[in-house]
Every structure is written in structure tokens, then in C-alpha cells.
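Visitor:
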Ligand SMILES: Nc1ncnc2c1ncn2[C@@H]1O[C@H](COP(=O)(O)OP(=O)(O)OP(=O)(O)O)[C@@H](O)[C@H]1O
Ligand SMILES: [Mg+2]
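Numbering (the UniProt record's numbering), first residue to last: 1 to 406.
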């Protein structure tokens, strides 16, 4: 199996899944990015196709030759910005993959908005803007109302996303959304246009969908907690979601439609939705043709026994994915976030039974302002019988953990 850029949170779950399935895992990446992989990831790979993923013709040629040399049986996209490249590679090799003509819609939120509208999927209304004046006019013409959301066309981790209360903050928000012209660490050129979206109120959930040969298999629904206010940063996730069964099915159905609308045919999609109060309608905030980050693979498997990474690998190998839950437990993750940016002086994760944690930054590291997920210092995971217990336990472990930023 060739994974197109396994760096990031999902890579470790693909490594584990490949091991369980007895599949040899190869990576396509840049030489310098590979040099920075965690030791565990580097050691788990059977080999590496070092190329330039930002140069599509060259990357396709290098990966094609590599795949033929190593008898690659499946291509698994992992890093969101290269999911369209993985679709092109699978097509070129005649392996199960996603629809190349639609795949860019899973990376670019403008094309995504068009794909959702074409498929009739409930999603925020949106408009484009290059500067504050245009944003103000577009917001009025499209009757987006206030607050509205300004975000980059291509980015992740809530980078450059702001919820704007009124016209005074528009210029700053458009500037923040348009600051990313190249993506770290590959140097991929980004579509730096800013998107304005109608603000969808309500609780937020995520739901992943594995698709095999065009058939969508829904995965468990997870409740997502974020900060309030201008910057919406994830504070945690809990599975099961606590939604009543009919609404769970509706979220799963909507997520499946979103995945199919952005061309997912053999693979996995991570979809985020919000449900406005008093409605039973999930609005799709975004969908990506990749595994989720944020240790959601761990949370979903701890709660339900379903391995999303195993399911993705099965789908891209042309097998029927294993998506039947084998447990009815619960799990919750809380992120340790700073109150402000600075230098990390100390981080101590509380040791409560039923929980475990991990630190992402160490003493002396610079902690960015809490404007996006780059400010995460660590996380705690709790397992319990019910979602309320798991959430409560994770909250207690987070509250008893100590983070000092000077
Ligand atoms: N139109 C919207 N209405 C309400 N809330 C929104 C809207 N768009 C974004 N948000 C909030 O901001 C968060 C981040 O936005 P979005 O998912 O589009 O960006 P992202 O950079 O892809 O984020 P991430 O990778 O953290 O999921 C969402 O999870 C949601 O809480
Ligand atoms: Mg998101």
C-alpha cells in the first residue's frame, strides 16, 4: 500500500491498521519531510517514494514507477491537500480510488460549496471576497447576515477561520484568511481566496464515511466541542454523540451524501456538520477525503470497536470494509489549550484511572496565541461506559492537568 503523505495525526493509525491487516506500508513524501518523521513512523514504513508532491506531473511519474516496482495494490490518501493527487495516481494505476474530476472539491472549500449546492446538500450559503469592501458588499448582496464566517479556501486546523460579529472586524478577518499562500511543510501553493459563509448555529458533530466501489458505509457519529467567539478551536470530541438514533442516521446519511458529492468512491471521508437548534437538519461545514485527525480514530475505536483506518485500507484494496460496531462503550478526548500565547514553562497531565494523556509540546517551546489548533499543548483521553461519564472523566483529567505558559 502506498500512503500519500502519512505525516500528521492519522499516519500512526494507518501504520497500526496495516500491521493488523498484514499489509506492507510505503510512503510518498518529500525527502526533507521524511527526515522529520517521528521515529515510530519512519521505522514502520517498508520504503519511501521520495518525490515532489507539489509538482503533479513529476510526482505522478515518480509514484507510478515506484508502485510498479513494489507491486503496490492500493493507494491511500492521508494528507488532505494531496487527496486529489492520490485520486489521479489511483486512476493512472487502475487501482480503486476517488473520482479525479471531483477530487479537488474535497480540498478546496469554494469547489466544495459548488459540489454541495449541485447535490442539494444542506450547507452554509457563501460568497467570495478579495478585500474588506468586497466582503461587505458580498455579505449584503448574498444576505449572509451577522455573525458570518470568514475562512481560507484551502487550509485546515481552523487556521485563518474567524467568526465575525459585524463589519468592523471584516478587514482583519479577510486578511487573516488570505495570509496562507503556501502550505507547510511541502511548499504547496494554495488558493489564497477568502470565503465568506453564513453562520450556522447549533451543536457540532463529525461523522466519517467509508466508501467502497461507490457504496457508502456510515461510521459512528462523534460530538465535537469548540471554543465560542471569534476563533473556533476544537476543545474535545466524544463518542457516542448523545444524539437520538433517528438524528444519528440523518447525520450519517448527510455525511455520506457529502462524501459522494466530493468524489469519494473508494476511500474514507471526514465530515463536520452543525444542527441548528429546533431543526433536525445537519448542515455540512466541510468534508475531507481522508481519515480524521485529533485522535478521532482512537476515540471511535475505543467506543465502538470500529477501526476507521482498517476500513479505509480495506476500501482502497477493493475489499468490503469492516464497519459493524462490536462494542457500546464511550470515549472522550479533551485538548489542553493555553489561555494565551507565550513560552511553555510546565505541563503536567493528571493521572486518573480510566484516562491517559500525551503532551505535544515541551517546556521551552513557543505556544502560539489560541487562534487555531497549533496552540494545543497536549490531550487527555477517557474511556467509560457512557458518553456522559467519559466526557466528565476527560473534563476532570483536563482540569487537574497543569499547563503554565509564561
Ligand atoms: N459556516 C459556519 N457556521 C458556523 N460555524 C462554522 C462555520 N464554518 C466554520 N465554523 C466553525 O469553525 C470551525 C473550523 O472551520 P472549518 O472546519 O471550515 O475549518 P478547518 O480549518 O478545515 O478546520 P478543522 O481542520 O479544525 O476542522 C468549524 O469546526 C466550526 O466550529
Ligand atoms: Mg473543519
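Beta carbons are placed, not taken as given, at the ideal position from N, Cα and C, and that holds for glycine.
Around the C-beta of residue 178, are 16 or more other C-beta atoms found within 10 angstroms, so that it is buried, or is it exposed?
Guide: buried
Visitor: Using the C-alpha atoms, what's the distance from residue 241 back to residue 160?
Guide: 27 angstroms
Visitor: Taking its Cβ as the centre, do 16 or more other Cβ atoms sit within 10 Å of residue 131, making it buried, or is it exposed?
Guide: exposed
Visitor: Counting only runs that start and end within the region 242-290, where is the beta strand (DSSP E) found for 3 or more residues in a row?
Guide: Fully enclosed beta strand (DSSP E) runs of 3 or longer: 267-275 and 283-288.
Visitor: Would you check if there are 3 or more beta carbon pairs closer than 8 angstroms linking the region 173-192 to the region 121-138?
Guide: yes
Visitor: State whether the region 281-291 contacts the region 367-374, with contact taken as three or more CB pairs (one from each stretch) at a distance under 8 angstroms.
Guide: no
Visitor: Apart from the five residues just before and just after residue 250, which ones in its own chain have a Cβ nearer than 7 angstroms to its Cβ?
Guide: 280 and 282
Visitor: Since residue 59 and residue 21 are thought to touch, with beta carbons under 8 angstroms apart, how far apart are those beta carbons, to the nearest angstrom?
Guide: Not really, about 26 angstroms apart at Cβ, beyond 8 angstroms.
Visitor: Tell me residue 208's beta-bridge partners as DSSP assigns them.
Guide: Paired residue(s): 270.
Visitor: Kindly indicate the opening and closing residues of the alpha helix (DSSP H) around residue 84.
Guide: 83-93
Visitor: How many Å lie between residue 115 and residue 263 at the Cα?
Guide: 9 angstroms
Visitor: Where does the unbroken alpha helix (DSSP H) through residue 316 begin, and where does it stop?
Guide: 308-316
Visitor: Using 8 angstroms as the Cβ pair cut-off and three pairs as the minimum, do the region 304-315 and the region 254-274 touch?
Guide: yes
Visitor: Please classify residue 146 as buried or exposed, where buried requires at least 16 neighbouring CB atoms within 10 angstroms.
Guide: exposed
Visitor: Helix, strand or coil, according to DSSP, for residue 407 in the structure here?
Guide: The requested residue 407 is not part of the displayed model; the chain covers only 1 to 406.
Visitor: Suppose contacts are defined by Cβ-Cβ distances below 8 angstroms. Is residue 1 in contact with residue 23 by that definition?
Guide: yes
Visitor: Sorted by chain position, which residues of the same chain lie with C-beta nearer than 6 angstroms to residue 127's C-beta, five sequence neighbours on each side aside?
Guide: Taken in chain order, the residues that qualify are 138, 142 and 196.
Visitor: Reducing DSSP to helix, strand and coil, say where residue 237 ends up.
Guide: strand
Visitor: Any heavy atom of ligand 1 closer than 7 angstroms to the CB of residue 366?
Guide: Residue 366 Cβ: outside cutoff for every heavy atom of ligand 1.
Visitor: Tell me whether the beta-carbon of residue 354 lies closer than 8 angstroms to the beta-carbon of residue 387.
Guide: no
Visitor: Quick check on the DSSP output: what are the complete beta strand (DSSP E) runs of length 3 or more inside the region 37-124, in order along the chain?
Guide: 47-50 and 75-77
Visitor: Let's test the definition: count the other Cβ atoms within 10 Å of the Cβ of residue 186 and tell me whether it reaches 16, buried, or not, exposed.
Guide: buried
Visitor: Residue range of the alpha helix (DSSP H) that residue 337 falls in?
Guide: First-last for residue 337: undefined, no H or E at that position.
Visitor: Quick one: give me the first and last residue of the beta strand (DSSP E) that residue 29 is part of.
Guide: In this chain, the beta strand (DSSP E) harbouring residue 29 covers 26-29.
Visitor: I want to check one thing, is the minimum distance from the CB of residue 298 to the heavy atoms of ligand 2 below 7 angstroms?
Guide: Answer for residue 298: no, Cβ out of range of ligand 2.
Visitor: For my contact list, residue 198 and residue 274 are in at a C-beta cut-off of 8 angstroms; report their separation, rounded to the angstrom.
Guide: That pair is no contact at about 11 angstroms.
Visitor: Using alpha carbons as the reference points, say which of 390, 399, 350 and 209 lies closest to residue 237.
Guide: Answer by Cα proximity: 390.
Visitor: Please return the same chain residues whose Cβ sits closer than 7 angstroms to the Cβ of residue 102, not counting the five positions on each side in sequence.
Guide: 115, 262 and 263
Visitor: What does DSSP give as the partner residue(s) for residue 332 in the beta ladder?
Guide: 238 and 382
Visitor: Spatial neighbours of residue 180 within its chain, please: CB distance less than 7 angstroms, with the 5 preceding and 5 following residues excluded, ordered by chain position.
Guide: 152, 155, 159, 160, 190 and 192
Visitor: Please check the pair residue 29 and residue 50, which I expect to be a contact at CB under 8 angstroms, by giving their CB distance rounded to whole angstroms.
Guide: 7 angstroms
Visitor: DSSP state of residue 154, grouped into three classes?
Guide: Of the three classes helix, strand and coil, the one that applies to residue 154 here is coil, per DSSP.
Visitor: Should residue 154 be listed as close to ligand 2, given that the test is whether its C-beta is under 7 angstroms from any heavy atom?
Guide: no
Visitor: Identify every run of the beta strand (DSSP E) within the region 125-175, keeping only runs that are complete inside it and at least 3 residues long; order them along the chain.
Guide: 126-129, 148-152 and 162-164
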